[in-house]
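For reference, the structure is listed below as structure tokens.
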Amino acid sequence: MNNTHTPLIFEHSRPGRVNTTHTQRSTATAHSIPGSLLRKTPPCLPEVSEMDAVRHYTRLSQKNFSIDTHFYPLGSCTMKHNPRACNSLAMLPGFLRRHPLSSEQHGQGYLSCLWDLQEILKDVTGMSAVSLTPMAGAQGEFAGVAMIRAYHDANQNSERTEILVPDAAHGTNPATATMCGYTTREIPTDGNGDVDVEALRAVVGPQTAGIMLTNPSTLGVFDRRIKDIAEIVHDAGGLLYYDGANLNAILGKVKPGDMGFDVIHMNLHKTFSTPHGGGGPGAGPIGVSKRLQPFMPIPVVGKKNAADKEVYYWLTEKDLPQSIGRLSAFMGNAGVLLRAYVYALLLGREGMTRVADYATLNANYLMARLSQAGFDMALPQRRATHEFILTLKRQAREQGVTAMDFAKRLLDYGFHAPTTYFPLIVPECLLIEPTESESKETLDAFVEAMAAIQQEAEGDAATLKGAPYTMPLRRLDDVKAARELDLRYKTKPVSDING
Amino acid sequence: MNNTHTPLIFEHSRPGRVNTTHTQRSTATAHSIPGSLLRKTPPCLPEVSEMDAVRHYTRLSQKNFSIDTHFYPLGSCTMKHNPRACNSLAMLPGFLRRHPLSSEQHGQGYLSCLWDLQEILKDVTGMSAVSLTPMAGAQGEFAGVAMIRAYHDANQNSERTEILVPDAAHGTNPATATMCGYTTREIPTDGNGDVDVEALRAVVGPQTAGIMLTNPSTLGVFDRRIKDIAEIVHDAGGLLYYDGANLNAILGKVKPGDMGFDVIHMNLHKTFSTPHGGGGPGAGPIGVSKRLQPFMPIPVVGKKNAADKEVYYWLTEKDLPQSIGRLSAFMGNAGVLLRAYVYALLLGREGMTRVADYATLNANYLMARLSQAGFDMALPQRRATHEFILTLKRQAREQGVTAMDFAKRLLDYGFHAPTTYFPLIVPECLLIEPTESESKETLDAFVEAMAAIQQEAEGDAATLKGAPYTMPLRRLDDVKAARELDLRYKTKPVSDING
Amino acid sequence: MPFIPHTEEDTRAMLDAIGAESIDDLFDEIPAKLRAQSLDRIPMGRNEMAVSRLLHERAADDSQPLSFLGAGAYEHHIPAAVWELTTRGEFYTAYTPYQAEASQGTLQLLYEFQTMMAELTAMDISNASLYDGASALAEAVLMAVRANRKSKSRRILMPATVHPTYRKVVDTIVRHQGIQLEIVDFDMHGGHVDPDNLPAEPGDITAMIIPQPNFFGALEDVHALTDWAQSNSALVIGVVNPTAMALITPPGEWGNGNGADIVCGEGQPLGVPLSSGGPYFGFMCCAKKHVRQMPGRIIGRTTDLEGKTGYVLTLQAREQHIRRSKATSNICTNQGLLTTAATIYLSLVGPEGLRQTAAHSHSNTQQLMEKLCAIDGVEKCFDRPSFHEAALRLAKPVDEVLSALDAEGILGGYDLSTDYPQLGNAMLVCATETKTEADLEHYAAALQKVLA
Amino acid sequence: MPFIPHTEEDTRAMLDAIGAESIDDLFDEIPAKLRAQSLDRIPMGRNEMAVSRLLHERAADDSQPLSFLGAGAYEHHIPAAVWELTTRGEFYTAYTPYQAEASQGTLQLLYEFQTMMAELTAMDISNASLYDGASALAEAVLMAVRANRKSKSRRILMPATVHPTYRKVVDTIVRHQGIQLEIVDFDMHGGHVDPDNLPAEPGDITAMIIPQPNFFGALEDVHALTDWAQSNSALVIGVVNPTAMALITPPGEWGNGNGADIVCGEGQPLGVPLSSGGPYFGFMCCAKKHVRQMPGRIIGRTTDLEGKTGYVLTLQAREQHIRRSKATSNICTNQGLLTTAATIYLSLVGPEGLRQTAAHSHSNTQQLMEKLCAIDGVEKCFDRPSFHEAALRLAKPVDEVLSALDAEGILGGYDLSTDYPQLGNAMLVCATETKTEADLEHYAAALQKVLA
Ligand SMILES: Cc1ncc(COP(=O)(O)O)c(C=O)c1O
Ligand SMILES: Cc1ncc(COP(=O)(O)O)c(C=O)c1O
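Residue numbers (the working numbering), protein chains in the order written: chain A, 2 to 500; chain B, 2 to 500; chain C, 107 to 558; chain D, 107 to 558.
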């Protein structure tokens, strides 16, 4: 980590410093535009040299943890190795410089990759068809629930106004239901981490549009009664939505289609290892059962034979007149899809299953070792899937330290913290997902660090409370950030923009 | 800086860990090779996963100072901004994947770039012809002195056995003379930093093969009597070699050809901003006067007209039968030459001169400010060129701190140290070269750091002696390194390889 | 194994620690009848060399004609440093900056990004990105409905000069919430919404969308439209091209009042390659008073335990992971890496570089229009001033012309006749700063030939 | 200004601090009559966009045929991570690690590199690089002359099976120091140096060079040659292909004694792209006893003030900046960045990956030879086993065949007839692991057509 203070790029700026390498050296003016539509004062963008910019952003980058530098066991986020070939091949000029509206004839290479990817995802999920267009998991969810709604609407079933969501679900699930005009009804989780089937039975009915289920759930376990749940909801006339953000543990092991699901979204930026880029981009393709196929979001890649050759083309409104429509100006996060495709080719059939094998092995090993080290698991009686939950409820009570304190202290030990305080139903929890790409040595080192922190907690809890110590900054004040809003640099002496 | 301990890549290695992404998945064997010629035990290369390797080298990289992260005023090394376009354009697949022996017809794009670069360098140096083949400054020197020797040999002048070298010269100058079979005679520098012309007069004679002169010299001044020196040596029948490693201060201002020089080498990895790569590669093209032209190292790019088109081709032994010969298996550091060419195009005619302007302005400004801050300059009465020398002789005497102590302490202040103890003739010196790409703010901050260190020296010199404190390691023991040689990791329990 | 570091010995030792016999045992909670058979449609794994060769071949299929196509995605020069820095592992492989202390690189960069976008649009604040321009407009509509508490109608005025696909995307996304999108027609002479044609008493409108430049490249009369909308208590949502902001009045300065309320758009022109359509990024800015209705992540400046300045995710109570069904949006993963590229791009080009890019693109398009309109059978569709794109009417069907140009290695433009049949054989052309005088001549000569 | 950050105000303030009127004043020590007029032959500066377009056009001129050409530079797959990491600014833009504490990244990497090269060659130690394979061989000859104190003759035996250009380069570099290079002829059946043909009493020889594989791709009888040379008190200099080291006996194990004394070669096959001939890197390893005669930089492990392990440049007393005219070489700048790439390459492929690369290249070349020799008018030149390159004799002049193959998009090989006229119409072909079965077939079919 680069611990030296890095001023804002604006603080390097000096009026009149023009980086002419990137200007047009032209005298072009905008004489044809009337004055009233012209900008009066230029935007206060930074005026720095190329070297200043390179130096600034290189140094800033060094202030991040990332997979390329640290173990990053952020549960539900699948921070696995991002192979560099995925990036460099997706950035080949033929793909990179292609205009999205250029003709299909000039995009056969690109389209053939997407078609192959659709096939791969169909096989992985066991669904009938795949649309690659959603730009992240949440947009995939939106597409999925909108399709459920379109289906009910097409069947004149508009009294179905409720979406069922287990209480352990990711926040995007209820938020999506709302965006689709549904109300959310929460289903409790039973003591074993499975959906409470009795509670489910009690609430399904003619008002049920569907259920959004995450399996393996965000509790890190596989819901053993998934078939029962599917039946209960289907019998009530509701459809089944599968939140497939976390497929890492079931690739090649079990297919959502086989479990009776109607629609699933995947997070390629997790399972298919496309990089997270400090927040995005992602890709959230959806897979659908036969009955939802007519409602898929467009575009979708099709293949036909023309003049003895296979030709790839876009399916549009014409081909899918019942489609829920478009979700992006062009065709989703094209470059992310390419990266996922390259990853899938590198893994291949056998590699997919291996991902599930070793993601599961790593999670169960880490859970076992941490248990042996004296930590409490939320669901000690269960197998972990790709992740598992550790709860620090006891430590909170006995030593007064929180999951947050452990998280911050882990940074000092050179590990990114696991996901904290999610799922909301487990107190003081750490959701830990090691992924298959980490070695036993790394997992062992993590256990040692956790044990050492526990010792510190038992010794002098203040050490934890003050953590981190070795980062560029000490613990940051979130409350102040939200109270005294400062959301931009005050580039000019204008009245107070923030605060 | 990443200050955490980074084990060796070998320490991450585990037997049987195979990174199959980069293996052939083939069962190819070497059955046609007799057993006596086959390797018995595999080399102990690291067995790590791709992620381990990526993480390891990413973290290692963060333990370097570089231009992309720090001000790096290493005198005589011209650590200026390395524009990224030079890299990305030189790495275009058409250039990168081309086999060096593929036909000229498949290399017209590449050859035309080199031809243009030759023309540019001819203009910059004022010489008659340029060969791009030497792979670094020292190899350029070798080529130049070998040409001098070839010239004398061709003129049956083999009693010329001495090369004159000023005492301030870079170590490569005398070392080169030796490689060319010459003995070196040192010429002293006068009190103003110029070559002592009287001393020179005293030693030239029929044994003089030539002189190797650096101008601006490594003392950071322009030798004002360069014309006299040229005359003296030429009159004695010797040739003039111009060490042009440091052209930054004279680009477009003065041409070595105009000063009467017979041969010059340039360091494109300095003046033309190709990156230093932690030690190399470089490119050390040579320019020659008419009389040395027949002796140029090959290959050289030629241009001819064929079928109404300009065609570029390689000049070889056939075209230059008196050539000193070849210096590399193919044609030098091709990719470095491309980077320099891109840089030259970006700068253009006006940009070249501007480099000299601002490199000189920055050096003189820094010299003035450091003088004002109370530091002693080696040549306070002279203009700085692109660099200048500060001497800490007084501080050594008064506070017992050395140039090395200042250098190490500067690291803590976030600046790479200037060149220390070179040239050898100035005691406790720092040779400081800011380059044109640094801003006034950076220079000012450097002056502040120097002043602060001086204060520390006056307060408690032990602070300096113990520096650095904020690097991944404290001061390293060079003496131990040389005494207890440890030049490789002991990968296997063989007898002691080192020590 | 690809990307899996386990040796056989490791696996054994780990299973022992777990107390399992085999890896397969770890899946024993999955009902046996659900266990998948195999992945037949997935090819066997290939090594990087083989995959690389395949992808090179496929990329080579996608040729790169000389392009005058814009229509929402623009070819601009991207300094080499932009992507060399953006793809540094520490940016590229980091997650959303949940642990602020270990993510100051990304967080500070995003704070800089927010500042730059607010500057460009002359708005108070910016968020840290949405998916793309089209979905950002949908979010802006939803935001306006939340923000305009006075309005009950959920009526949104949507000019027909807004990008046709944006309109479709907005419809897809907002249709479930009882929102009505009312199309506002455009003036056939100007190719813009004529403020004089707007009703004096339009009733309760929640918001009006104003594109600048609009889909035809034409400049709307933003001041009059803004004043009209705001005088009718509607919020104003600007959809703008960020490059154009260096040249034309930013939404923060539209009209006589405080400018637009919400501004969004497609960030792609700021250093993001065309890349077949994505990933790009949507941006969104707004007036300070609306900040709590803003969707997406927002970075704020704060201090650490020792009082040192640092950056964190803030106002998270708007977001799905806290507010769940009551969140301002369901967005979670955004387009962080692309905002990284945009921030570096804007730092490298600076205000003058961006202005020149805008001005040069504008003047190139002007020149192109002149050259093309000098050809028999080509005329301008509209007489409004434009930014860097403009509509032409041709004497022949556009699809025929485009195929003929294609054969000459030219991507001639966007066929308007499907979306706007009323315009006849109309085509949208664009010439950014990447085009030389010779390129423009080349196009003109080819079009002449095609139309002859 | 490109790459110059000064504002006018800065310049003014700086001149004031200096006490100068203008920048031009700063050049007042240059004699007026020497001041250059102008740089007429240099074009005016262009922006990055324009230069980028020019270079793209030129790169596009250089097509990429299917290549079976080796002759000292080999096409191998390079994992994508290699150059993404190598071009990270911190490696790419650092200088030689003079300040060890601020250069541990480069220094530790080079220590790892030295270990890897020593492992590959089975030698005690390695330096941190020389320019390229050819110049490394020249340095090895100079080093042998220094190291073999017993020998006074300065006679070096140079097999004719050493790369012809390497022989030229060695001649260029060592000729001034009274060194005699004596060519050793090769056996026309084996294409190798036959140990039985070497004289029993050769007199004082300083060193013998042994290439493995040799220029024809053939494997020399390294054990017999080494034993012969060492029994005549000559040092043995191996010139080896580093990829081959994964498969064949490394020089450290040649002969009955302690193996070769000095080993050098071209590092390009280890992760360095062909790039028109450079930058590549030369490597050099040696027996511990010769370390003080080694040219080039060497990194050593040591400790810091607190006893922590670290790395520094060591044995600098051998080098020009300390020893000046008595240095072991004049080399200063070396090929650091390329050793960075090689170190990362070797880490990524590992011992098994390198072995498979070598084995696959070997077997591809074997298969290619079989296919080609099945064609009428094609036969093997030599019967010795080979690594991944081999010589063919054709029924037609090689240059004609190569041009005809070129027209089919194939770079067929290296024409041996200029360097080795005694071989007739001989051509060197190479098929590395990058070639598929289909590529080999494609070549065979094309050659058949050409020779028909
Ligand atoms: C279980 C689950 N569902 C949905 C999402 C939302 O996906 P995205 O962030 O791509 O919108 C996530 C990821 O954060 C998740 O973990
Ligand atoms: C004055 C001078 N001459 C010669 C050289 C040698 O150049 P190179 O390191 O490229 O061999 C250098 C660079 O270190 C130098 O500064």
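The beta carbon of each residue, even a glycine, is placed where N, CA and C say it ideally should be. It should be emphasised that the depicted structure is a prediction, and the values quoted were computed from it without experimental measurement.
Using 8 Å as the cut-off, classify the Cβ of residue i as near or not near the heavy atoms of ligand 2, replying yes or no.
i          : result
Ile-164(B) : no
Gln-271(B) : The question names Gln, but residue 271(B) in the sequence shown is Lys. For ligand 2, at least one heavy atom lies less than 8 Å from the Cβ of Lys-271(B).
Glu-476(C) : no
Glu-187(B) : no
Glu-425(D) : no
Glu-142(B) : yes
Would you kindly work out how many angstroms separate the C-alpha atoms of residue i and residue j, rounded to a whole number?
i          : j          : result
Leu-486(A) : Gly-406(C) : 7 Å
Ser-438(B) : Phe-109(D) : 6 Å
Leu-529(C) : Pro-298(A) : 29 Å
Ala-114(A) : Ala-186(D) : For clarity, residue 114(A) is Cys in the given sequence; the question names Ala instead. So the alpha carbons of these two residues sit roughly 19 Å apart.
Gly-371(D) : Gln-283(D) : 22 Å
Leu-347(A) : Ile-34(B)  : 32 Å
Ala-418(B) : Thr-409(D) : 21 Å
Gly-110(B) : Ser-382(D) : 11 Å
According to DSSP, is residue i helix, strand or coil?
i          : result
His-112(D) : coil
Arg-98(B)  : coil
His-282(C) : helix
Val-328(C) : helix
Tyr-470(B) : coil
His-480(A) : The sequence as given places Val at residue 480(A); His does not occur at that position. If DSSP states are grouped into helix, strand and coil, Val-480(A) belongs with the helices.
Pro-317(C) : strand
Ser-77(B)  : coil
Thr-415(C) : strand
Val-19(B)  : coil
Residues in the region 125–148 of chain B having any Cβ partner in chain C nearer than 8 Å: none
Neighbouring residues (CB closer than 6 Å to any heavy atom of ligand 1): Ser-77(A), Ala-137(A), Gly-138(A), Ala-139(A), His-171(A), Thr-173(A), Thr-215(A), Thr-219(A), Asp-244(A), Ala-246(A), Asn-247(A), Asn-268(A), Gly-283(A), Gly-285(A), Cys-438(C) and Thr-439(C)
Selection of the region 317–335 of chain B by Cβ proximity to chain D, strictly under 8 Å: Ile-325, Gly-326, Arg-327, Leu-328, Ser-329, Ala-330, Phe-331, Met-332, Gly-333, Asn-334 and Ala-335
Contact list for the region 209–223 of chain B against chain C, Cβ threshold 7 Å: none
Near-chain C residues of the region 23–41 of chain A - C-beta to any C-beta below 7 Å: His-23, Thr-24, Gln-25, Ser-27, Ala-29, Thr-30, Ala-31, Ser-33, Ile-34, Pro-35, Ser-37, Leu-38, Leu-39 and Arg-40
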